[in-house]
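One structure is given here, and the rest of the page talks about it.
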Amino acid sequence: AEANQTTIRDVAAHVGQTVRIGCWLTRKRSSGKIQFLQLRDGTGFIQGVAAKNEVDEATWAAADRLTQESSLWVTGVVREEPRSPSGYELSVTGVEIIHLTSDYPITPKEHGIDFLMDHRHLWLRSPKQHAVMTTRATIVRAIQEFFDTRGFTQVDAPILTPTSAEGTTNLFHTKYFDEDAFLTQSGQLYMEAAAMALGKVYSFGPTFRAEKSKTRRHLIEFWMIEPEMAFVDHEENLRVQEQFVSHVVQTVLAKNAKELATLERDTSKLEKALAPFPRITYDDAVKFLNANGFPEFVWGEDFGAPHETAIAESYEKPVFITHYPTSLKAFYMKPDPDRPDVVLCADLIAPEGYGEIIGGSQRIDDPALMEQRFDEHHLSKETYSWYLDLRKYGSVPHSGFGLGLERTVAWICGLDHVRETIPFPRLLYRLYP
Ligand code: 4AD
Ligand code: MG
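All the letters of the sequence shown, read from the start, carry residue numbers 4 to 436 under UniProt numbering.
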């Protein structure tokens, strides 16, 4: 029979037929009379079985020569195989080597993390990394789908900026011809301008923070989705966030069962991430910490990872911590009118110790208060004069938030470090590959 070229993802449509697939060999096992070829083509993984007494000599010899990560055209008949994780198997009839690999560095034995990070360009080929990247792509699509179907317009924020949104301690400095510039920490300030033009907007792009901290939650370059909404207050901001995060998690559960199984993710925990999410004020969170292992924690201090984890452990869903002290948070956050020492903000803390995945707030809309904040934070009214214009010309209540893509991927995939959530992570002391 004439072989139809297909992909591993599509073999179900070809049961009983002879197909041809461009692929790589990930592993091989041989019994002398049968070779079991573990094959991958980017769309999936499948086992090819070549039997010595059923294939021609050239095919047997080629299968015999195949080494790990050699590329090949395989021809074979698709069979249903309930014992295989993919549900299918290929009875091999032909093997045509494209490129024979020798000494592939990542062997089936255990490798240290530095070795794997140095070989990230090859490590991406492994089933686990394949599952992470596939799930990340679903998350990206689910994020955009959520906002695109709710009247938001995607607006791109600049990457080179003269300003900082989240403080000046972790800015990446560069020259912009004769001027000083920074890589953006957040698109928020630009999204505030866009919201005044388009109502509901979001940016989705890379952001940069020269974090000198080497933790499992920090990347130097990470992707952030930043929605900004005119005429939306703190309460509604939280409702959008919980609907949004539920949607993303439930979409992954529906679309990536196979990948989550590869990652050995306990999906029963993810199934619980349905809106509404619990809320706790910063005040109550401090009381909780004082009573649960952190007696020294003082009101006004910021939470670190151990504090966030302790608070999150009380809940099966993500939890909002609201109303942080004004002194802890960014200059643009609106004070609670009833209590100006706290702001109308929330951090969303993921369950199971994955930490803060969202930071958001209602923004100051009062021009006088914004000017006062500029003075208090020693911000240049010249550099930011465009931002002050937003409070000068038709200022309205507005709110927004930023969700860190990689921390979200880490949580959903159950990974203990963000370095595996992005194809080529930029970490403290790591710019390669
Ligand atoms: O809490 P952050 O700093 O908030 C902002 O940047 C706001 N301007 C967002 C907004 O309101 N438009 O960052 C938002 C999220 C965090 O909750 C976290 O998930 C992620 O971005 N994040 C990081 N992820 C990985 N590595 C880092 N170094 C991160 N810093 C923040
Ligand atoms: Mg934050």
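The C-beta atom is built at its ideal place from N, Cα and C for all residues, glycine as well.
beta-carbon G307 near the ligand 4AD non-hydrogen atom, thresh 6 Å = no
Distance CB(P400)-CB(D368) smaller than 7 Å = yes
Note down, one range per segment and in chain order, each beta strand (DSSP E) of at least 3 residues found wholly within the stretch 181-214.
-> 182-186 and 203-211
In terms of residue numbering, what span does the beta strand (DSSP E) encompassing E229 cover?
-> E224 to A233
Is the stretch 9-21 close to the stretch 72-84, with three or more CB pairs under 8 Å?
-> yes
Run of the alpha helix (DSSP H) containing P309, from where it starts to where it stops | A308 to A315
Between which two residues does the alpha helix (DSSP H) carrying T284 extend?
-> No alpha helix (DSSP H) holds T284; the beta strand (DSSP E) holding it covers R282 to T284.
Excluding the 5 residues preceding and the 5 following residue 1 in the sequence, name in chain order all residues of the same chain whose CB lies nearer than 8 Å to its CB.
-> Outside the modelled stretch of the chain, which goes from 4 to 436, sits residue 1, for which no answer is possible.
Could you name the residues of the same chain whose beta carbon sits closer than 7 Å to that of T141, not counting the 5 residues immediately before and after it, in chain order?
-> T254, V255, K258 and N259
Nearest residue (CA-CA) to Q71, options D159, L125 and E409 = L125
Is the distance from the Cβ of L351 to the Cβ of D339 below 7 Å?
-> no
Taking K275 as the reference, which of I425, H381 and A353 has the closest Cα?
-> A353
Assign K131 to one of three DSSP states: helix, strand, or coil.
-> helix
In the DSSP assignment, find the unbroken beta strand (DSSP E) run with V346 in it and report its ends.
-> R342 to V346
Proximity test, G362 beta-carbon vs the ligand MG heavy atom, cut-off 6 Å | yes
Do G417 and L266 have their CB atoms nearer than 7 Å?
-> yes
Endpoints, the beta strand (DSSP E) within which I415 is located = From DSSP, I415 is part of no beta strand (DSSP E) but of the alpha helix (DSSP H) over L408 to C416.
Where do the ends of the beta strand (DSSP E) carrying K258 lie?
-> Taken as a continuous stretch (DSSP letters only), K258 belongs to no beta strand (DSSP E), being part of the alpha helix (DSSP H) at H237 to K258.
Environment of L42 [buried if 16+ CB atoms lie within 10 Å] = buried
Cα-Cα separation between E229 and I361, rounded to whole angstroms = 10 Å
A371 by DSSP, collapsed to three states: which one?
-> helix
Whose CA, out of E299, G45, T166 and F149, lies closest to the CA of F247?
-> F149
Stretch pair the stretch 48-60 + the stretch 107-115: three plus CB contacts closer than 8 Å | no
Rounded C-beta distance between P321 and F280? I'm assuming under 8 Å.
-> 5 Å
Nearest to V135 by CA position, among I415, Y432, L434 and R429, is which residue?
-> I415
Report, in whole angstroms, the separation of the C-beta atoms of L222 and R429, which I expect to be a contact under 8 Å.
-> 6 Å
Pick out whichever of M227, G363 and M373 has its Cα sitting closest to the Cα of W389.
-> M373
Cutoff 7 Å; reference D236; Cβ partners in own chain excluding five residues on either side | Q365, P400 and S402
Y390 by DSSP, collapsed to three states: which one?
-> helix
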